[in-house]
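Below is one structure; the comments refer to it alone.
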Amino acid sequence: MSISVSYIIPTLNYSTSQINRYFSLFIVLFGTIGNVLNVLVFSRGSLRTNPCAVYFLSSSILALLCLYSGISSRILLGFGVDPSTTSTVLCKLRIYTVYVTATISAWCTAFATVDRYFCSCQSVYLRNLSKLKISYRLITVATVASLLIYMEIFYCYEANQISGPFPCYGKNSACRYFNSLVYAFFYIILPLMVMVIFGILTVGNVRKLNRLVAPASSTIGGSTALAPTVSSKKNDRQLTKMLLVQVLILTILNVPYAIQLVYSTFSANIYKSPLQLAIENFCFA
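Structure, rendered in C-alpha cells:
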C-alpha cells in the first residue's frame, strides 16, 4: 500500500466519523425546529378540519420520531458508543421504528398531494373526496400496512454484523435483498410516484382554474360577504405551495438515497479494497 493511500484511508475514516458526530447534530437541530413549527402551525384550530393540514401534522410528528430514532444512532456511532450495533434487541427495535415512521410519514405527504388534486378539480364528486374522514382512514391504513410490511425486520436484522456495510444489518443475503427492495419501493419509489403524478396534475388544475375563474368579490353592508371563503381559499393555496415545494425537496433527497440503498445491498458480498470502503462510507455518511 502506497504512502498516499495509507494516508487517505484514515483521513476519510476520520472525516466520516466527524460527519456522523457533528453534521448529524445539525440535522437533528434543524429537523426538530422545522417539524415542531409544523406541528404548532397545523394543530391550530383553523386548520384542524382541513384534510391536507391533518396529513402535514401527521407527517411532521412521524418525521420527528424517525429523526430521533435514526439520526441519534448515527451520532452515537460517530462517538463509537451506539448500543444498537451490539444489542440485537435495540438493533431490531431501532430499524423497525425508523422504517415504519419514515414510510408512514412519506405516505402522509403522498396522500396530501392527492388531496390537493381533489381540491383543485372542477368535478364536485372529486372535490367531495377531500374529507377529514377519508384522511383519518388513509392514515390508519398506511399505519397498519407499514407495521405489517416491516415485521420481517424482527427476523432478519441482527447486531454485530461484520459482513454488511453496517453493524446492525440483515443477517443473510436474502434478508438484505428483500428488506432493501421493500423499503426502497414502499418508502421511496411508490410514494414519490404518487407525489410527482398528482403534483403535476394539481399544477395543471390550478392553471386551468386561474384561467377560468375571474376574481370576484361582493360586499354587503360594507363588509365582505365572502371573507370566510376567501380565507379558506388562501389557506388552500398556501398548503398547495408548501406541498409542491416539499415534494420537490423529497424527490431530490430520496432518489440518491434509494440508489445508495440498493447499491449497498447488492454490493455487500463483493470484495472491496479498504480504500473503496473508506470512500463509500464517506460518500454515504
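Start counting at 1 in the sequence shown, then tack on 7, and there's your number in this note's numbering. Virtual Cβ for every residue (Gly too), placed ideally from N, Cα, C. Note that the structure is a prediction, hence the values are computed from the model and not measured.
- Under the three-state reduction of DSSP, G211 is assigned to helix.
- Here G52 carries a helix assignment [DSSP, helix/strand/coil].
- In the three-state reduction of the DSSP assignment, G177 falls in the strand class, which pools E and B.
- When the alpha-carbon of T209 is set against those of K248, L47, T272 and I266, the nearest one is in K248.
- If you draw a straight line from the Cα of P58 to the Cα of C128, it comes to about 15 Å.
- Comparing C-alpha distances from F192 to each of W114, I68 and S13 shows the shortest one belongs to W114.
- In the DSSP assignment, R28 falls outside any alpha helix (DSSP H) and carries neither an H nor an E.
- Under the DSSP assignment, P58 falls in the alpha helix (DSSP H) whose first and last residues are P58 to G85.
- Short of 8 Å from the beta carbon of Q168, and not among the five residues preceding or following it, lie these beta carbons of its own chain, in chain order: P174, C175, Y176, G177 and K178.
- In this structure, the alpha-carbon of S142 lies about 27 Å from that of G77.
- When C-alpha distances from I146 are compared across Y106, L69 and S170, the shortest belongs to L69.
- Contact between L199 and L246 fails: their C-beta atoms lie close to 19 Å from each other, not under 8 Å.
- Taking the Cβ atoms as the reference, I102 lies roughly 28 Å from I16, outside the contact range of under 8 Å.
- Within the same chain, C115 and I146 come within 6 Å of S65 by CB-CB distance, once the 5 residues on both sides are set aside.
- As the crow flies, the alpha-carbon of C126 is around 8 Å from that of L133.
- Residues I82, G85 and F86 of the same chain have their beta carbon placed closer than 7 Å to that of R28, with the five preceding and five following residues left out of the count.
- Around N212, the same chain offers Y124, S127, C128 and Q129 as residues with beta carbons nearer than 8 Å, after the five sequence neighbours per side are excluded.
- Listed in chain order, the non-local C-beta contacts of I111 below 6 Å within the same chain comprise L69, A149, T150 and S153, local neighbours out to five positions each way being set aside.
- In this structure, V107 keeps its C-beta atom at 9 Å or more from the C-beta atom of Y164.
- Between the stretch 201-208 and the stretch 251-267, the count of Cβ pairs shorter than 8 Å is three or higher; the stretches touch.
- Between T272 and S187 the beta-carbon gap is near 4 Å, inside 8 Å, which marks them as a contact.
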